[in-house]
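The opening position of the sequence shown corresponds to residue 3 in the numbering used here, with each subsequent residue numbered one higher.
Where is the CB? At the ideal position from N, CA and C, for every residue including glycine.
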Amino acid sequence: MAITNAMCNSYKSEVLDGVHEAGDEYKIALIKSGHAGTFNKTTDNYSDLGADEVANGSGYTTGGKVLASRVVSLDGDVAITDWADPVWAAATISADGALIYNNSQSGKAVAVFAFPTQPTVSTNGSFTAVLPAAAAATALVRIA
Numbered sequence: 003m004a005i006t007n008a009m010c011n012s013y014k015s016e017v018l019d020g021v022h023e024a025g026d027e028y029k030i031a032l033i034k035s036g037h038a039g040t041f042n043k044t045t046d047n048y049s050d051l052g053a054d055e056v057a058n059g060s061g062y063t064t065g066g067k068v069l070a071s072r073v074v075s076l077d078g079d080v081a082i083t084d085w086a087d088p089v090w091a092a093a094t095i096s097a098d099g100a101l102i103y104n105n106s107q108s109g110k111a112v113a114v115f116a117f118p119t120q121p122t123v124s125t126n127g128s129f130t131a132v133l134p135a136a137a138a139a140t141a142l143v144r145i146a
């Protein structure tokens, strides 16, 4: 099935309702290569990944990684949130994309993105999820 780069519609509404906060724990979970589901702007929770998350083991832990170094900025009139690119060391992973979600808010989805090269693979090496550049049109979390 497909992965479409998008900020999740539910996240947009939840931001206006004050659900997501700066001090919350945001995580990134990887979507396995050959996934069966469709992930896009309608994805609303981490639980939507189900069996489509990369399997636990070989350097990856179910639930993904905590995102670090959160930066909020403006690109003209657009607000942007960005984090440091997460790295899984000594990992054997094959993934097509990722989901960023708010672990402090019951797994509410933030954004979905597809890796430019699918699958992106590491074999007992470092696997880095390169997040789109904050100022790029494909930036993960942009509020206009």
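In this structure, does DSSP put residue i in helix, strand or coil?
i, result
"Lys29", "strand"
"Ser108", "coil"
"His22", "coil"
"Ala190", "This structure gives no information on residue 190, because the portion of the chain shown stretches from 3 to 146."
"Thr6", "coil"
The beta strand (DSSP E) that contains residue i, what's its start and end?
i, result
"Leu101", "89-104"
"Gly127", "122-130"
"Ser75", "73-77"
"Asp84", "80-84"
Check for me: the alpha helix (DSSP H) holding residue i runs from which residue to which?
i, result
"Val17", "11-18"
For residue i and residue j, I'd like the C-alpha separation in whole angstroms.
i, j, result
"Thr45", "Gln107", "15 Å"
"Ala116", "Ser35", "11 Å"
"Ser12", "Thr40", "16 Å"
"Ala131", "Met9", "17 Å"
"Thr63", "Gly127", "15 Å"
"Tyr103", "Thr94", "23 Å"
"Pro121", "Ser96", "6 Å"
"Asn7", "Asp84", "15 Å"
"Lys43", "Lys14", "10 Å"
"Ile5", "Ala111", "14 Å"
"Asn105", "Val114", "15 Å"
"Met3", "Gly59", "24 Å"
So who's on the other strand from residue i, going by DSSP bridges?
i, result
"Gly59", "Tyr62"
"Phe41", "Ile5"
"Val113", "Note on identity: in this sequence residue 113 is Ala, with Val being the wrong assignment. In DSSP, Ala113 forms a bridge with Met9, Ile102."
Sufficient close CB pairs (3 or more, under 8 Å) joining the region 51-60 to the region 8-23: By the Cβ criterion, the region 51-60 is not in contact with the region 8-23, since fewer than three pairs of Cβ atoms, one from each stretch, lie closer than 8 Å.
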